[in-house]
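All remarks here apply to the structure that follows.
Residue numbers (full-length UniProt numbering): 1 to 266.
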């Protein structure tokens, strides 16, 4: 199962950024982000991960988390090949896409061409812990009925305080509200692996975390970041909800990202 690829090009790129979206969503929700980056000469390479948006295959389902990593590998490879050393290439992941970005770097494939990684409310630990009985049930279903899909439980109020964003979230036909049992298990396995291999995230990193996040444990993200080696910047935004790039203060978040990239080769 392959992802769907898309590029928002600029005529004379000063940098490119590979953007990895979160669970349930698709790259089209980041058109405003691509426009802001494009105004700074930053080309955006992205697409829809397997199981989401315009990608083929069963919606809300993966057989293995490596399918996400392989898709990102293709996007990063295309961006690095096009840059050919003339300008820097960055990686940006939001929520589940942040976890995908972390695991991609930890896996080590193709990261030599990256100047740094930017993470927006990365899914490194869920806000609400899974009850033991539900975890056991998921384990049984993973063996017997892995494609069973259940509601993700993400409401529009969780993602943003902006009512326009909330309405668009509800009406978007490409937004998919369910995840499979196997997806759920693979997400947890990937989070455990991210913590176990934390020292392998060794490229420059900017980690931005929503303070009022109902989906991701903000304290856990801060702890994770504090244990990273090397050049790491962490910022927490009090009162902001999960999708920092869709909050009323999104322009401030974008300026922070651009300023950080300017400090790292842009």
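Here a beta-carbon is modelled for each residue, glycine too, at the ideal position from N, C-alpha and C.
Taking 8 Å as the cut-off, decide whether the C-beta atoms of residue i and residue j are in contact.
{"i": "residue 237", "j": "residue 210", "result": "yes"}
{"i": "residue 75", "j": "residue 5", "result": "yes"}
{"i": "residue 138", "j": "residue 178", "result": "no"}
{"i": "residue 232", "j": "residue 245", "result": "no"}
{"i": "residue 98", "j": "residue 122", "result": "yes"}
{"i": "residue 115", "j": "residue 88", "result": "yes"}
{"i": "residue 57", "j": "residue 27", "result": "no"}
{"i": "residue 72", "j": "residue 37", "result": "no"}
{"i": "residue 65", "j": "residue 199", "result": "no"}
In the DSSP assignment, the alpha helix (DSSP H) including residue i goes from what residue to what residue?
{"i": "residue 169", "result": "163 to 171"}
{"i": "residue 93", "result": "Counting along the chain, residue 93 falls outside any alpha helix (DSSP H), though it belongs to the beta strand (DSSP E) covering 89 to 94."}
{"i": "residue 136", "result": "132 to 144"}
{"i": "residue 116", "result": "No alpha helix (DSSP H) contains residue 116, which is instead part of the beta strand (DSSP E) from 116 to 120."}
{"i": "residue 4", "result": "Segment 4 to 8 is the beta strand (DSSP E) holding residue 4; no alpha helix (DSSP H) there."}
What number of angstroms, rounded off, separates the C-alpha of residue i from the C-alpha of residue j?
{"i": "residue 127", "j": "residue 134", "result": "16 Å"}
{"i": "residue 19", "j": "residue 80", "result": "14 Å"}
{"i": "residue 172", "j": "residue 164", "result": "12 Å"}
{"i": "residue 162", "j": "residue 249", "result": "10 Å"}
{"i": "residue 190", "j": "residue 31", "result": "28 Å"}
{"i": "residue 9", "j": "residue 93", "result": "19 Å"}
{"i": "residue 117", "j": "residue 159", "result": "22 Å"}
{"i": "residue 256", "j": "residue 235", "result": "10 Å"}
{"i": "residue 166", "j": "residue 175", "result": "12 Å"}
{"i": "residue 261", "j": "residue 91", "result": "11 Å"}
{"i": "residue 149", "j": "residue 59", "result": "9 Å"}
{"i": "residue 86", "j": "residue 241", "result": "37 Å"}
{"i": "residue 169", "j": "residue 247", "result": "13 Å"}
Apart from the five residues on each side of it in sequence, which residues of its chain come closer than 6 Å, Cβ to Cβ, to residue i?
{"i": "residue 61", "result": "51, 147, 180, 183"}
{"i": "residue 42", "result": "15, 17"}
{"i": "residue 96", "result": "22, 23, 123"}
{"i": "residue 68", "result": "49, 100"}
Terminal residues of the continuous beta strand (DSSP E) containing residue i?
{"i": "residue 15", "result": "15 to 20"}
{"i": "residue 149", "result": "149 to 151"}
Please work out which residues of its chain come closer than 8 Å, Cβ to Cβ, to residue i, disregarding the five sequence neighbours upstream and downstream, and give them in chain order.
{"i": "residue 124", "result": "98, 99, 102, 191, 194, 195, 216, 217, 220, 221, 224"}
Please find out if some non-hydrogen atom of the ligand COA comes closer than 7 Å to the beta-carbon of residue i.
{"i": "residue 210", "result": "Here there are no bound small molecules, and the ligand COA is not part of this structure."}
Excluding five sequence neighbours on each side, which residues of the same chain lie with their C-beta closer than 7 Å to the C-beta of residue i?
{"i": "residue 229", "result": "199, 202"}
Residue ranges of each alpha helix (DSSP H) within the region 190 to 236, 4 or longer: 218 to 226
Ordered list of alpha helix (DSSP H) runs contained in the region 21 to 55, each at least 4 residues: 31 to 38
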